[in-house]
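**Q**
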Amino acid sequence: MNRYGTHGKRGRRGATALLALTLAGGLLLTGCGGTDDATDGAKDTAVDSRGGSGMPAPDRPRGEGEQRYDGGTSAPGSGEEKNGDSREIAPDPDYLSTFALDVDTASYGYARRTLSEGRLPDPATVRPEEFVNSFRQDYERPDGDGFSVTVDGARTDDEDWSLVRVGLATRPAERQSERPPAALTFVIDISGSMGEPGRLDLAQEALGTMTDRLRDDDSVALVTFSDEAETVLPMTRLGDHRDRVHDAIDGLEPTDSTNLGAGMETGYETAVEGHREGVTNRVVLVSDALANTGDTDADTILERIATERREHGITLFGVGVGSDYGDALMERLADKGDGHTTYVSTGEDAREVFCEQLPSHIELTARDAKAQVAFDPETVAEFRLVGYDNRQVADEDFRDDRVDGGEVGPGHTVTALYAVRTRPGADGHLATATVRWLDPDSRTPHEETGDVESDALDDSVWESGRGLRVTATAAYFADALRSPGGDGGSLPGAPGLSELSERADGLADRTENADLRELAEAIEEANRLA
Numbered sequence: 001m002n003r004y005g006t007h008g009k010r011g012r013r014g015a016t017a018l019l020a021l022t023l024a025g026g027l028l029l030t031g032c033g034g035t036d037d038a039t040d041g042a043k044d045t046a047v048d049s050r051g052g053s054g055m056p057a058p059d060r061p062r063g064e065g066e067q068r069y070d071g072g073t074s075a076p077g078s079g080e081e082k083n084g085d086s087r088e089i090a091p092d093p094d095y096l097s098t099f100a101l102d103v104d105t106a107s108y109g110y111a112r113r114t115l116s117e118g119r120l121p122d123p124a125t126v127r128p129e130e131f132v133n134s135f136r137q138d139y140e141r142p143d144g145d146g147f148s149v150t151v152d153g154a155r156t157d158d159e160d161w162s163l164v165r166v167g168l169a170t171r172p173a174e175r176q177s178e179r180p181p182a183a184l185t186f187v188i189d190i191s192g193s194m195g196e197p198g199r200l201d202l203a204q205e206a207l208g209t210m211t212d213r214l215r216d217d218d219s220v221a222l223v224t225f226s227d228e229a230e231t232v233l234p235m236t237r238l239g240d241h242r243d244r245v246h247d248a249i250d251g252l253e254p255t256d257s258t259n260l261g262a263g264m265e266t267g268y269e270t271a272v273e274g275h276r277e278g279v280t281n282r283v284v285l286v287s288d289a290l291a292n293t294g295d296t297d298a299d300t301i302l303e304r305i306a307t308e309r310r311e312h313g314i315t316l317f318g319v320g321v322g323s324d325y326g327d328a329l330m331e332r333l334a335d336k337g338d339g340h341t342t343y344v345s346t347g348e349d350a351r352e353v354f355c356e357q358l359p360s361h362i363e364l365t366a367r368d369a370k371a372q373v374a375f376d377p378e379t380v381a382e383f384r385l386v387g388y389d390n391r392q393v394a395d396e397d398f399r400d401d402r403v404d405g406g407e408v409g410p411g412h413t414v415t416a417l418y419a420v421r422t423r424p425g426a427d428g429h430l431a432t433a434t435v436r437w438l439d440p441d442s443r444t445p446h447e448e449t450g451d452v453e454s455d456a457l458d459d460s461v462w463e464s465g466r467g468l469r470v471t472a473t474a475a476y477f478a479d480a481l482r483s484p485g486g487d488g489g490s491l492p493g494a495p496g497l498s499e500l501s502e503r504a505d506g507l508a509d510r511t512e513n514a515d516l517r518e519l520a521e522a523i524e525e526a527n528r529l530a
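Structure (structure tokens):
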């Protein structure tokens, strides 16, 4: 399996199985990123088809060689590698790509923090999909719950290779006064390492402001953990009890070691004890995730809280802090714990997450959401998914609703990017993208599809619409940071960091967008360090 997430089928399926796979194809606390006022536009030529066929591409004919992106064709199983990573792409006979939706953004936030301290991030902490999804897009929104599907693309500077973007969007978020009430259990790390400036103090300030902004019918509980865990505040309806919540927050002090497992177990027990029917129940973990006492393995921790998660539908939102940060542990807890992560390094970041995003995007609109992209073998020679390494789903499990997907709320966009090599003279249908999700309350499955034709790839990436350029810039940046030396990258048409910095700077100047200015500054710093 290469790091870009391309995966093969588990065996050739017959025509009957393929047809069964697609008959339903007409019918992602949530990603803390954006509001409905998106600033980054999708490409104008995008094909947005509701109720398309959703028919997956047929299997590749037997006997074709496995393709790799190394400037040529390599024999299957040859084991050739470039920059230490396998470049296997769509092994015979796979023309499907299936993954669970992911709206995490922690990887990008942590990379920016690391670069600001004069260090290149560890390549293992760089997840391209989290870079891409840190920038919300202006995809068309659906009228009700569920998703819209937008598919577009553009040519890279590498012959025959293009970038194809699959964009999913949920309905706009409700106004604060119109959303459902919330029961939030905050699990706060008060270990010794949280005493570093920009950790516990930052969380306390933001939580205090958030307490003033939540509604009277919202409830808050507070659990702390160091070497042991303690429920400092049971589930408390705000109403006239805000002072009680403020006192609990102000009294937090760092001490001892990090027993994250105990914190999670006590947090979920507290959430269950204070569970409220008809409201959104969520656990919010605030930690540097440097677990060093008790259970330190994500799977073991998750198993201890499995019943609470499954029976009560309590989702997890992980907020990472600190210059030293247990990225891998926090990401796995979120991915397997029906939630997602973000990362905060400044007071402004924390206020946005706790005071704006969390109250506004408490509601869930989709559970166990998965996407499947079917590429047409008549026009596509090979492809690979950029990122989503830990979110891949077996193709045959796309419509198995017992298989875990991603949880997504209103006001969000999810973007997946593919590197695609088209066949010479390719003309016509290129790919069909289908998203499947369960209604959060009834668990009824739903699907939506979108298609893209080969003529959508006529423009260059750098001459495409603003949204696609932002997506490409973020993906190329992550790709460079994951590559030895931080330059060159392995994606087709990858510019060096110097050229990418210039392009990002120009994009930020034209849009006058603060998020894009931060991206340009991060790329400039990476270029200097590399």
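Each residue of the sequence shown is one higher than the one before, starting from 1 at the first, in the numbering used here. Think of the CB as a built atom: it goes at the ideal place given N, C-alpha and C, for glycine as much as any other residue.
Compute the distance between the beta-carbons of residue 315 and residue 364, then report whether it is under 8 Å.
**A** Position 315 of the sequence shown, counted from the first residue, corresponds to residue 315. Position 364 of the sequence shown, counted from the first residue, corresponds to residue 364. In contact: residue 315 and residue 364 (Cβ atoms closer than 8 Å).
**Q** With DSSP as the reference, label residue 147 as helix, strand or coil.
**A** Within the sequence shown, numbered from 1, the residue matching residue 147 stands at position 147. If DSSP states are grouped into helix, strand and coil, residue 147 belongs with coil.
**Q** Can you check the stretch 278 to 332 for any beta strand (DSSP E) of at least 3 residues that lies completely inside it and give the ranges in chain order?
**A** Entirely contained in the stretch 278 to 332, the beta strand (DSSP E) runs reaching 3 residues are, in chain order, 280 to 287 and 315 to 320.
**Q** If we call anything under 8 Å between Cβ atoms a contact, is residue 152 one with residue 452?
**A** Residue mapping note: residue 152 aligns to position 152 of the sequence shown, counting from 1. Residue mapping note: residue 452 aligns to position 452 of the sequence shown, counting from 1. Against a cut-off of 8 Å, the Cβ pair of residue 452 and residue 152 comes out as a contact.
**Q** Do residue 374 and residue 329 come within 8 Å of each other at the CB atom, strictly closer than that value?
**A** As a position in the sequence shown, residue 329 is number 329, starting the count at 1. As a position in the sequence shown, residue 374 is number 374, starting the count at 1. No, these two residues do not count as a Cβ contact at 8 Å.
**Q** Which residues does DSSP list as the beta-bridge partners of residue 448?
**A** Taking the first residue of the sequence shown as position 1, residue 448 is located at position 448. DSSP output for residue 448 lists 435 as bridge partner(s).
**Q** Residues in the same chain with beta-carbon distance under 6 Å from residue 298, minus the five sequence neighbours each way, listed in chain order, please.
**A** Here residue 298 is taken as the residue at index 298 of the sequence shown, counted from 1. Contacts found: 329, 332 and 333.
**Q** Under the three-state reduction of DSSP, which class applies to residue 368: helix, strand or coil?
**A** Numbered from its first residue, the sequence shown carries residue 368 at position 368. Note: residue 368 maps to strand in three-state DSSP.
**Q** Please classify residue 388: does DSSP put it in a helix, a strand, or coil?
**A** Counting from one through the sequence shown, the residue named residue 388 turns up at place 388. Of the three classes helix, strand and coil, the one that applies to residue 388 here is coil, per DSSP.
**Q** Report the three-state DSSP secondary structure of residue 341 (helix, strand or coil).
**A** Within the sequence shown, numbered from 1, the residue matching residue 341 stands at position 341. Here residue 341 sits in strand by DSSP.
**Q** Quick one: grab the DSSP three-state call for residue 155.
**A** Walking along the sequence shown from the start, residue 155 turns up at place 155. Reduced to three states, the DSSP call for residue 155 is strand.
**Q** Are the Cβ atoms of residue 531 and residue 432 separated by less than 8 Å?
**A** The shown model of the chain, from 1 to 530, leaves out residue 531, and the question about it has no answer.
**Q** Is there contact between the stretch 137 to 152 and the stretch 443 to 462, where contact requires at least three CB pairs shorter than 8 Å?
**A** With the cut-off at 8 Å, the stretch 137 to 152 and the stretch 443 to 462 touch.
**Q** For residue 518, which three-state DSSP category applies?
**A** Taking the sequence shown and counting its residues from 1, the one referred to as residue 518 is at position 518. Helix at residue 518.
**Q** Looking at the secondary structure, which residues open and close the alpha helix (DSSP H) in which residue 114 lies?
**A** In the sequence shown, counting from the first residue as 1, residue 114 sits at position 114. Element bounds for residue 114: 106 to 116.
**Q** According to DSSP, which residues form a beta bridge with residue 203?
**A** If you number the sequence shown from 1, residue 203 lands on position 203. Answer is none; residue 203 lacks a bridge partner.
**Q** Sorted by chain position, which residues of the same chain lie with C-beta nearer than 6 Å to residue 367's C-beta, five sequence neighbours on each side aside?
**A** Here residue 367 refers to the residue found at position 367 when the sequence shown is read from its first residue. Excluding residues within five positions, the ones whose Cβ falls inside 6 Å are 407, 438 and 440.
**Q** Kindly indicate which residue of 501, 502 and 477 has the alpha-carbon position closest to the one of residue 490.
**A** Working through the sequence shown from its first residue, we reach residue 490 at position 490. When each option's Cα is compared against that of residue 490, the closest is 477.
**Q** Report the three-state DSSP secondary structure of residue 456 (helix, strand or coil).
**A** Counting from one through the sequence shown, the residue named residue 456 turns up at place 456. The answer is helix: DSSP assigns residue 456 an H, G or I state.
**Q** Report yes or no: do three or more beta-carbon pairs, one from the stretch 161 to 178 and one from the stretch 507 to 524, lie closer than 8 Å?
**A** Contact fails: fewer than three Cβ-Cβ distances are below 8 Å.
**Q** So, with DSSP's three-state summary, where would you put residue 246?
**A** In the sequence shown, counting from the first residue as 1, residue 246 sits at position 246. It is helical.
**Q** Do the stretch 180 to 200 and the stretch 265 to 284 touch if we need at least three Cβ pairs shorter than 8 Å?
**A** Yes, since at least three Cβ pairs between the stretch 180 to 200 and the stretch 265 to 284 fall closer than 8 Å, the two stretches touch.
**Q** Pick out whichever of 310, 311, 260 and 341 has its Cα sitting closest to the Cα of residue 301.
**A** Within the sequence shown, the letter at position 301 stands for residue 301. Selected option, being the one with the closest Cα: 260.
**Q** Give me, in chain order, the residues of the same chain whose beta-carbon lies closer than 6 Å to that of residue 218; leave out the 5 immediate sequence neighbours on both sides.
**A** The residue you call residue 218 lines up with position 218 of the sequence shown. Cβ within range, chain order: 181, 182 and 238.
**Q** Quick one: using the 10 Å Cβ neighbour count with 16 as the cut-off for buried, is residue 335 buried or exposed?
**A** Along the sequence shown, read from residue 1 onward, the residue named residue 335 stands at position 335. So residue 335 counts as buried.
**Q** Which residue wins for smallest C-alpha separation from residue 419, given the options 102, 99 and 160?
**A** In the sequence shown, the residue the question calls residue 419 occupies position 419. Looking at the Cα atoms, 160 is the closest of the given residues.
**Q** Just list the residues that DSSP pairs residue 188 with in beta bridges.
**A** The residue labelled residue 188 in the question sits at position 188 within the sequence shown. DSSP lists 224 and 286 as partners of residue 188.
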